[in-house]
Amino acid sequence: MIGKEDLIKYATNVHARTYEAVERLRDEDVDWRPAPGEFSVGELVTHIANTRLMNLGGIQTGEIHYRGHAVKPGTDALALRRLVLRTGKKVIAGLVDADLEKYIPQTIGEPFPAWRRVMGGLIEHETHHRSQLCEYLRQLGLEPPPLFGLHAEQLPR
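Shown next as structure tokens:
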């Protein structure tokens with residue numbers, strides 16, 4: 058089992074990689090969506106931020122409350138960056154005091170240890186949507202950040 062400090066560090070790094078993608082957004086990108094019925098860029102970033110808080114609440118209290126992904130009119134790229142940064146800091150601060158071994162209820166299925174919500178809810182879910190955001194960046198003609206500092210073409214062969 059990964060230690061609590063290592064798990065928090067890992068979640069911090071996941072948040073940092075998401076922030077790198079959000080940093081590349083321009084104001085004109087906020088309302089763009091790849092197709093009707095898909096998240097807009099702003100909705101996707103808001104969804105990532107609000108599910109961080111939802112999962113933290115699940116870890117701390119066992120209750121899940123999703124604030125939604127609606128974007129206020131006039132939201133710009135800087136506001137999205139601030140939202141992602143603020144929710145990342147709040148989640149990491151909350152994890153420091155959380156009992157990650159405590160069993161918490163789920164919306165479906167049996168209760169399980171809070172650390173599993175960190176792995177699935179905070180890390181796996183965010184990674185999924187960060188990949189989606191990187192594809193949005195590509196479609197907007199912007200270069201997404203490399204995952205670990207290198208693009209595949211730069212790896213030694």
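Quick note: the sequence shown uses the working numbering, first residue 58, plus one each step.
Cβ atoms here follow ideal geometry from the backbone N, Cα and C, with glycine treated the same way.
Predicted model only: the values in this text are computed from it and were never measured.
Checklist entry - At what residues does the alpha helix (DSSP H) containing I65 begin and finish? => result K61 to E80
Checklist entry - On the three-state DSSP scale, how would you describe I121? => result coil
Checklist entry - How far does the alpha helix (DSSP H) with D154 in it reach, from first residue to last? => result A134 to D154
Checklist entry - Three-state secondary structure (DSSP) at I165? => result coil
Checklist entry - Anyone know if the C-beta pair for I180 and A155 falls short of 8 angstroms? => result no
Checklist entry - Do the region 85-104 and the region 126-135 make contact, defined as three or more Cβ pairs closer than 8 angstroms? => result yes
Next on the checklist: On the DSSP letters alone, give me the boundaries of the alpha helix (DSSP H) that H186 sits inside.
Outcome noted: H182 to Q196
Next on the checklist: For P168, count the other beta carbons within 10 Å of its own beta carbon; 16 or more makes it buried, fewer makes it exposed. Which is it?
Outcome noted: exposed
Next on the checklist: So if DSSP puts P203 in a beta bridge, which residue, or which two residues, is it bridged to?
Outcome noted: Its beta-bridge partners do not exist; DSSP assigns none.
Checklist entry - In angstroms, rounded to a whole number, what distance separates the CA positions of K146 and N112? => result 14 angstroms
Next on the checklist: For S188 and I165, what's the separation of their Cα atoms in angstroms?
Outcome noted: 26 angstroms
Checklist entry - Does the distance from the CB of Y193 to the CB of L142 come in under 8 angstroms? => result no
Next on the checklist: Please report the straight-line C-alpha distance between E85 and A127, rounded to a whole angstrom.
Outcome noted: 17 angstroms
Checklist entry - Looking only at C-alpha atoms, which of L157, P162 and F205 sits nearest to I59? => result L157
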